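Asker:
Numbering (our numbering), first residue to last: 909 to 1225.
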């Protein structure tokens, strides 16, 4: 009996341990901003070879917001071995979730203004090897109808990583190609249209992989790596601004002088008009007779007033 007791105890312990293993299903929640796919993990080899396609993902898209994922106990050891460690709780399906939340980035040189605590500006060169950098901003999202395409190309990577890595590299490569073939003055004159072309290329390229670029543009203008060049550009800009201010002031003075001359001419014309009007009015009031009263002023301040007789008037008829 003493020799059998350990064997009986060991067997009983094994059975009890085996009874404690059972499959535990899990509950997953799909958030309102997520698109989900429920992919079978067990099946024939032919079916599994078809899982790596956009069509297969679309076929397994689910609309449920709460998903129960069934599990099953799978024996990993030989059937003659009864150890409880041979059993594994294995999920029968895999739930893949793609976030549709928009992602925005500000790529600037100053860590205090950008999305990342680093110099994220787009550093490039002109054909004269003059280095400069530009800031940029981008916003993107994954639409529900493009979630399968996004999952197919990026295999579970978050959109934020795609923006920081692939989208940024694509933009920087295109910008380097364009600026590297242009002179600095040409870049400054055409940077708006140049960046618009890069935006159109970026939108088309990533739309084919399920990423919708909502906004992409450059910020902060052009800044130069060489501080002396930047200072020279700043001085040139200041001189141009001062010259433009002087031109505007000269034009304003000229317009003021013209306005003042026009006002003076109008006043003179108005006075002449009033004089003519007065003369015309006097002519209308004149009855053809000479004055009948003569007023003569004396040195003493006293005047003499008398009636003019016919003899004095010459008896004119």
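Built from N, CA and C at the ideal position, the CB exists for glycine as well. These figures come from a predicted structure and were not determined experimentally.
If you draw a straight line from the alpha carbon of residue 1019 to that of residue 1025, how long is it in whole angstroms?
Answerer: Computed Cα separation, rounded: 5 Å.
Asker: Would a C-beta distance cut-off of 8 Å place residue 1006 and residue 1051 closer than the cut-off?
Answerer: No, the Cβ-Cβ distance between residue 1006 and residue 1051 is not below 8 Å.
Asker: What do you reckon, are the CB atoms on residue 1035 and residue 1105 nearer than 8 Å?
Answerer: It is not a contact, given that the beta carbons lie outside the stated cut-off.
Asker: Look at residue 1040 and residue 1032 and say whether their C-beta atoms are less than 8 Å apart.
Answerer: Yes.
Asker: Is it buried or exposed, residue 1028, if we count other Cβ atoms within 10 angstroms and call 16 or more buried?
Answerer: Answer is buried; the Cβ neighbour count reaches 16.
Asker: Starting from residue 947, trace the beta strand (DSSP E) both ways and give me its first and last residue.
Answerer: That run of the beta strand (DSSP E) goes 942-948.
Asker: Give a yes or no on contact between the stretch 1093-1111 and the stretch 1147-1161, applying the rule of three or more CB pairs nearer than 8 Å.
Answerer: No, the stretch 1093-1111 does not touch the stretch 1147-1161.
Asker: Comparing C-alpha positions only, which one of 1126, 943, 935 and 1119 sits nearest to residue 969?
Answerer: Ranking the options by Cα distance to residue 969, first place goes to 943.
Asker: Measure the beta-carbon distance from residue 1079 to residue 1119 and round it to whole angstroms, keeping in mind my assumption that it falls under 8 Å.
Answerer: About 13 Å separates the two Cβ atoms, so there is no contact after all.
Asker: Within 8 Å, do at least three Cβ pairs link the stretch 1058-1073 to the stretch 1126-1143?
Answerer: No, because fewer than three Cβ pairs between the stretch 1126-1143 and the stretch 1058-1073 fall closer than 8 Å, the two stretches do not touch.
Asker: At what residue ranges does the stretch 1004-1043 contain a whole run of the beta strand (DSSP E), taking only runs of 3 or more?
Answerer: Counting whole runs of 3 or more residues, the stretch 1004-1043 contains the beta strand (DSSP E) stretches 1011-1015 and 1030-1033.
Asker: Can you tell me which of the three DSSP states residue 1105 falls into?
Answerer: In this structure, residue 1105 counts as helix in the three-state DSSP scheme.
Asker: Which one of 1131, 1173, 1174 and 1185 has the shortest CA to CA distance from residue 1030?
Answerer: Minimum Cα distance to residue 1030 is reached at 1131.
Asker: For residue 1129, tell me which candidate among 1162, 1074, 1044 and 1048 has the shortest Cα-Cα distance.
Answerer: Checked all of 1162, 1074, 1044 and 1048; the closest Cα to residue 1129 is 1044.
Asker: Among 966, 1125, 980 and 1170, which has the Cα closest to the Cα of residue 1108?
Answerer: Closest by alpha carbon: 1125.
Asker: In the DSSP assignment, the alpha helix (DSSP H) including residue 1056 goes from what residue to what residue?
Answerer: Counting along the chain, the alpha helix (DSSP H) containing residue 1056 begins and ends at 1055-1062.
Asker: Is the closest heavy atom of the ligand MN to the C-beta of residue 1153 under 7 Å?
Answerer: As presented, the structure is devoid of all ligands, the ligand MN included, so that no description of it is given.
Asker: So, residue 984 versus residue 996, is the Cβ gap smaller than 8 Å?
Answerer: Yes, Cβ-Cβ distance for residue 984 and residue 996 is below 8 Å.
Asker: When the distance is taken between beta carbons, is residue 978 closer than 8 Å to residue 941?
Answerer: In this structure, residue 978 does not lie closer than 8 Å to residue 941 by Cβ.
Asker: Enumerate in chain order the residues of its own chain whose CB-to-CB distance from residue 1022 is below 7 Å, with the five nearest sequence positions on each side excluded.
Answerer: 1014, 1015, 1016 and 1028.
Asker: Would DSSP call residue 995 helix, strand or coil?
Answerer: Strand.
Asker: What three-state label does DSSP hand residue 1124 in the structure shown?
Answerer: Note: residue 1124 maps to strand in three-state DSSP.
Asker: Using 8 Å as the threshold, is the C-beta distance between residue 981 and residue 931 below it?
Answerer: Yes; because the gap between Cβ atoms is below 8 Å, this pair is in contact.
Asker: I believe residue 1000 touches residue 949 by the beta-carbon criterion, under 8 Å. Please report the beta-carbon distance rounded to the nearest angstrom.
Answerer: Indeed they touch by this definition, with Cβ atoms about 6 Å apart.
Asker: Taking the alpha-carbon positions, what's the residue 1060 to residue 1135 distance?
Answerer: Roughly 46 Å between the two C-alpha positions.
Asker: Starting from residue 936, trace the alpha helix (DSSP H) in both directions and tell me its first and last residue.
Answerer: Careful: residue 936 lies outside any alpha helix (DSSP H), inside the beta strand (DSSP E) at 934-937.
Asker: What does DSSP give as the partner residue(s) for residue 1131 in the beta ladder?
Answerer: Note: residue 1131 sits in a beta bridge opposite 1041.
Asker: Quick one: give me the first and last residue of the beta strand (DSSP E) that residue 981 is part of.
Answerer: Here the beta strand (DSSP E) through residue 981 covers 979-983.
Asker: Straight-line CA distance for residue 935 to residue 974?
Answerer: Whole-angstrom Cα-Cα distance: 7 Å.
Asker: Using a 10 Å radius around the Cβ and a threshold of 16 neighbouring Cβ atoms, would you call residue 1011 buried or exposed?
Answerer: Buried.
Asker: Give every residue of the same chain whose Cβ lies closer than 8 Å to the Cβ of residue 960, excluding the five residues on either side of it in the sequence, and list them in chain order.
Answerer: Answer for residue 960: 1060, listed in chain order.
Asker: With DSSP collapsed to three states, give me the class of residue 1175.
Answerer: Looking at residue 1175 - three-state DSSP - the assignment turns out to be helix.
Asker: Go to residue 930, then tell me how far its alpha helix (DSSP H) extends in each direction, as first and last residue.
Answerer: Here residue 930 belongs to no alpha helix (DSSP H), and DSSP marks it neither H nor E.
Asker: Tell me whether residue 969 sits in a helix, a strand or coil according to DSSP, three-state version.
Answerer: Strand, per DSSP.
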